[in-house]
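Worksheet for the structure shown next.
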Amino acid sequence: MSARGTRLTETIERDLLAESEYVGRLYERLDELRAEKVEQLERTRAQGAIGTFQNMSERDSFATLYEDRIAQFDAVQDRLVFGRLDMGGAAKEQGPRYIGRIGLSDEDLNRLMIDWRATEAAPFYQATALNPRGVRRRRHLMLKGRSVAGIEDDVLDETWLDEGHTHHGEGALMAALREKRTGRMGDIVGTIQAEQDAIIRAELPGAVVVQGGPGTGKTAVALHRAAFLLYEYRERLKNAGVLIVGPSNSFMRYIERVLPSLGETGVVMSSVGELYHGVYAVPETNRTVARLKGQLSMAKVIANAVRNRQRLIPEDRIVVVEGTRLTVTPKMVKNARERARHTHKPYNEARETFVKVLVGDLAEQLRRKLEESAGQSSTTDRSYLPQEVRESYDVRVLLNLCWMPMTPQQLVTELLAAPHLLAAAAPQLKESERDALYRRRTEPFTEADVPLLDEAAQLLGDFADPHAAAHTAQYEADVENAKAALNNMHTMLENAGIDGVVTAEQVAGVNQETAAVLTSAERAVADRTWAYGHIVVDEAQELSPMQWRLLVRRCPMKSFTIVGDIAQTSAVSGASSWAQALEPFFGDRFELEELTVNYRTPAQIADAAVRVAQAAGLRITTPQAVREGDWPPVITKTTPDNLEATVLEALATELEYSAGGLQAVIVPQHELARIRSAVTDVYGDRVGSGSGGMSQDIVVISARESKGLEFDGVLILEPAALVAEVDGGVGDLYVAMTRTTQRLHVVHSQELPQGMN
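Every number in our numbering is 409 more than the matching position in the sequence shown, counting from 1.
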């Protein structure tokens, strides 16, 4: 080795040692803070349910705070610190800035590490040789466990080298791109590029659309933006929260660890099938049904269905109350209905007005009949009559016949299962379309039903649960008992050390079931009317107009990060342009940003996917791939009878190349069960699925399930069938071809789609 090489090696080793010592100090401080919070939590829990009600509430709040902080410390342990900035000018005197997942200070409040989202950390991502922003050197730290395994320097000030410093490293970004996939998305916090950082740090208000082709890091940008917003606008978002919506359950599992690793644990994450609390919808496989249910006109259909449940009677009806026959006329019912509608309250709440008016009319009729038969004066107390009328079996049947209390699930189920109800609510639909929408009552709700349920919930309002009413009645009785008890026990309470004013409601509350202390995120999940401060939507090009209507209702301020690629649209109700998708809800008030670099897919494979898309007439962005790749796409032709055997043979070859990486087999929906069974017979528990997680090294999934995911190798079966199952669109095939980071292998017996030959 030359003298210069020896000096360089010695310098690198010296730098590694110095950085390892500093990183060790950071981890020691992290451990100290975690131990401190654990001790505080244990001490808080040991206090028990003592003291005033205010003290107990404060204790629970502190316990939740300590638990959240401990969870944050646990989540950021992996690659705690990843960067260092050596500044010039006046900032030089402050020493190097270490950039990490969270901010850390020592006991004297001296800063040890800067949160990557802080303004002082921005130059780590934004500085370039042309605009160094005061940075002389940017250093990437590659950690393995709690040790520094490597460093890479970007020298942005040429005088740095003149002063005897060195420039070394293999490139943090390229090293990250070569890593094996794990079935879980990793963060890119240490390798965020300038165009990505500009989007991540965009201001909160308004809607930002991030358009980018496959592999441009759209999802990573969206997640890091969510983490940044929660840091930069914490006071505005801490109570309202952030909702992240993805296309499928497998996708949500794929990304679920990213935000905790960035120091955020309170974000609500949901697939489109879980946006209605308590309903776990299955994919809608019928494209005609998906198209119909996705149209904005379905909002009017649901409104008609709700209105049609407020029925009149065609003729007089006799009801018996305590042996007395009363007459209910159509005019009485119509009057009660109109007065209820004029309240403009939701259906179930307006029903109370309907009941009150009709019961009042019947009670007055009953009063007159009783007085006529008994010859009594009108001054006799008859205040009990409305209650008797309301409790009458005949009256209860009539009230429910004219205005039945409904849940959203009941309304949608009955609407789609009863052809006459659907015909009345949707006269504009053709008979064949109404037939397509028919579903049996026992069938599960689909993703296309979720916006209908939400629309129904908006119009129906709260459902008056009789069990809740009984609970309320019991609580009111407990309050009355507590008032009597307090008159006799005030002195005893003071002697017991219960200070402050104790109300009857507080005493009664002790006997009520104690509700768990919920975070904002937990409350948001359970509350359909929750208004989020910001919503992130991934694979947004797939959303139907009704799904957009649901999401905009969840965020009245219309603060959105919208991520997707129009070229990848495969949903029948999806968008052909961002203007088409967003203008009905945002007008022209959205900013369109574009990512231009493909970090995932090798150029040889990306170019092949682009040719397929362009041959089908898709207008697509063609992001520049950062690496050429080692292998062109492999295409294997076979016969229909030999299809299964060819897939297994090709898979064996690809597993050798992936050498422990994650291999996907993407197949048409109708072949999914057969191919998964065949692969499982050979590879056993090494085989996973998109719905069951991706911890195994072989995943057999549909093209739809592969959206947003990435693998070391991809094996596609029958690309022509992938095109056929989405009515001739190549969006799903384009997606499948661009999921790989290394190799693409295509097996086919049918003619290949145009552009793939």
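Glycine included, C-beta positions come from ideal geometry on N, C-alpha and C.
{"Item": "Euclidean distance between Cα positions of residue 1141 and residue 1156", "Value": "16 Å"}
{"Item": "Host alpha helix (DSSP H) of residue 1091 (start-end)", "Value": "1081–1092"}
{"Item": "Residue 1154 burial status per 10 Å Cβ neighbour count (16 or more: buried)", "Value": "buried"}
{"Item": "Residue 812 - partner residues in DSSP beta bridges", "Value": "719"}
{"Item": "Residues bridged to residue 1073 (per DSSP)", "Value": "1108 and 1123"}
{"Item": "Rounded straight-line distance, which links the Cα of residue 857 to that of residue 941", "Value": "22 Å"}
{"Item": "Complete runs of the alpha helix (DSSP H) confined to the region 477–543 [at least 4 residues]", "Value": "531–535"}
{"Item": "Proximity winner among 718, 688, 819 and 945, relative to residue 854 (alpha-carbon distances)", "Value": "688"}
{"Item": "Given residue 1024 as reference, the closest of 1145, 1163 and 1058 once Cα atoms are compared", "Value": "1163"}
{"Item": "Residue closest to residue 1055, alpha-carbon to alpha-carbon, out of 1126, 643 and 642", "Value": "1126"}
{"Item": "Reference residue 762, options 775, 743 and 1138, closest by Cα", "Value": "743"}
{"Item": "Where the beta strand (DSSP E) containing residue 678 begins and where it ends", "Value": "677–680"}
{"Item": "Simplified DSSP assignment, three categories, for residue 1165", "Value": "coil"}
{"Item": "Contiguous alpha helix (DSSP H) assignments of at least 4 residues, all confined to the region 696–762", "Value": "696–703, 706–717 and 739–750"}
{"Item": "Identity of the residues DSSP links to residue 1046 by a beta bridge", "Value": "1157"}
{"Item": "Helix, strand or coil at residue 610 [DSSP, three-state]", "Value": "coil"}
{"Item": "Proximity below 8 Å, CB of residue 509 to CB of residue 543", "Value": "no"}
{"Item": "Whole-Å CB distance - residue 989 paired with residue 1007, under 8 Å assumed", "Value": "About 25 Å; that fails the 8 Å criterion."}
{"Item": "Same chain, Cβ closer than 6 Å to residue 491, five either side skipped, listed in chain order", "Value": "550 and 599"}
{"Item": "Other residues of its chain near residue 736: CB distance less than 7 Å, five sequence neighbours each side excluded", "Value": "725 and 727"}
{"Item": "Chain-order list of residues whose beta-carbon lies under 6 Å from that of residue 963 (same chain, five-residue window excluded)", "Value": "941"}
{"Item": "Residue 1177 vs residue 668 beta-carbon contact at 8 Å", "Value": "Summary: the structure shown does not reach residue 1177, with the chain confined to residues 410 through 1166, and so no result is reported for it."}
{"Item": "Own chain residues within Cβ distance below 8 Å of residue 1087, not counting five before or after", "Value": "1053, 1056 and 1057"}
{"Item": "Residue 1035 (DSSP reduced to helix, strand or coil)", "Value": "coil"}
{"Item": "Residue 1004 (DSSP reduced to helix, strand or coil)", "Value": "strand"}
{"Item": "Buried/exposed call for residue 675, threshold 16 Cβ in 10 Å", "Value": "buried"}
{"Item": "Between the CA atoms of residue 605 and residue 566 - distance to the nearest angstrom", "Value": "23 Å"}
{"Item": "Nearest neighbour of residue 766, chosen from 777, 521, 773 and 745 [CA to CA]", "Value": "745"}
{"Item": "Contact under 8 Å by Cβ, residue 660 with residue 1118", "Value": "yes"}
{"Item": "Under the three-state DSSP convention, the category residue 550 falls into", "Value": "strand"}
{"Item": "Segment contact flag, the region 1001–1017 with the region 1029–1045, C-beta cutoff 8 Å, min 3 pairs", "Value": "yes"}
{"Item": "Sub-8 Å separation of residue 998 and residue 559 beta-carbons", "Value": "no"}
{"Item": "Own chain residues within Cβ distance below 8 Å of residue 1111, not counting five before or after", "Value": "1075, 1076, 1077, 1078, 1081 and 1099"}
{"Item": "Whether residue 1135 touches residue 985 by CB criterion (8 Å)", "Value": "no"}
{"Item": "Beta-carbon contacts of residue 680 that lie in its chain and below 6 Å, excluding the five residues immediately before and after", "Value": "655, 657, 658 and 661"}
{"Item": "Through-space distance from residue 714 to residue 708, alpha-carbon basis", "Value": "10 Å"}
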